[in-house]
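Mapped onto the working numbering, the consecutive letters of the sequence shown carry residue numbers 136 to 250.
In this text, a Cβ means the ideal position worked out from N, Cα and C, and glycines have one as well.
This one's a predicted model, so the numbers in the text were calculated from it and none came from an experiment.
To keep things clear, I will list the structure first and then write my remarks on it.
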Amino acid sequence: MDLATYYKQHPEERYENICRMGEILSQVEQTLSKAEALLEEWKALQSDFDSLVSYYDSELWRNDYFDSNAGKIPEDVPQWVLTQDAIFDAIGDQFHIADAYQELLQTIEKKKWKS
């Protein structure tokens, strides 16, 4: 028996399915809206991110790093950016997340309706 026939014989399950699909659609719409906003925020951040990476690769960062370790930078100046791992980890995280987006994109592309 196919699903359409089954649902005709069991309308309460049909209506439960309609409700369940509505909940899924609502969740998908909310998630896609957040993903779109986050993607726009991420794209807008790239120029600043490039500046951060350039700073990390510069002689200035190395001088700041050594001066921080020597206690030459005032304590009230946030120095988290001068840890060896913070920027390096952010760079790696961006690549990791971009790879995950790429995998998702490939999965979605396979499902795309062909016109």
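Does DSSP put His231 in a helix, a strand or coil?
Here DSSP, grouped into helix, strand and coil, assigns His231 to helix.
I'd like the span of the alpha helix (DSSP H) that includes Ala170, first residue to last.
From DSSP, the alpha helix (DSSP H) with Ala170 extends over Pro146 to Tyr191.
Three-pair Cβ contact test at 8 Å for the stretch 235-246 versus the stretch 217-226:
Contact between the stretch 235-246 and the stretch 217-226 is absent, because fewer than three Cβ pairs lie under 8 Å.
Any chance the CB of Val216 is under 7 Å from a heavy atom of the ligand GTP?
This structure lacks the ligand GTP, and indeed carries no ligand of any kind.
Go ahead and pull the three-state DSSP assignment for Ile226.
Helix.
Inter-residue Cα distance where the pair is Leu173 and Gln229
Approximately 13 Å, taken between the alpha carbons.
Supposed close pair Val191, Ile232 - CB separation, criterion 8 Å:
According to the sequence as given, residue 191 is Tyr; it is not Val. Contact between Tyr191 and Ile232 fails: their C-beta atoms lie close to 18 Å from each other, not under 8 Å.
Please report how far the alpha carbon of Pro209 lies from the alpha carbon of Asp202, in whole angstroms.
The alpha-carbon of Pro209 is positioned some 10 Å away from that of Asp202.
Span of the alpha helix (DSSP H) holding Trp196?
Unbroken alpha helix (DSSP H) run through Trp196: Glu194 to Asn204.
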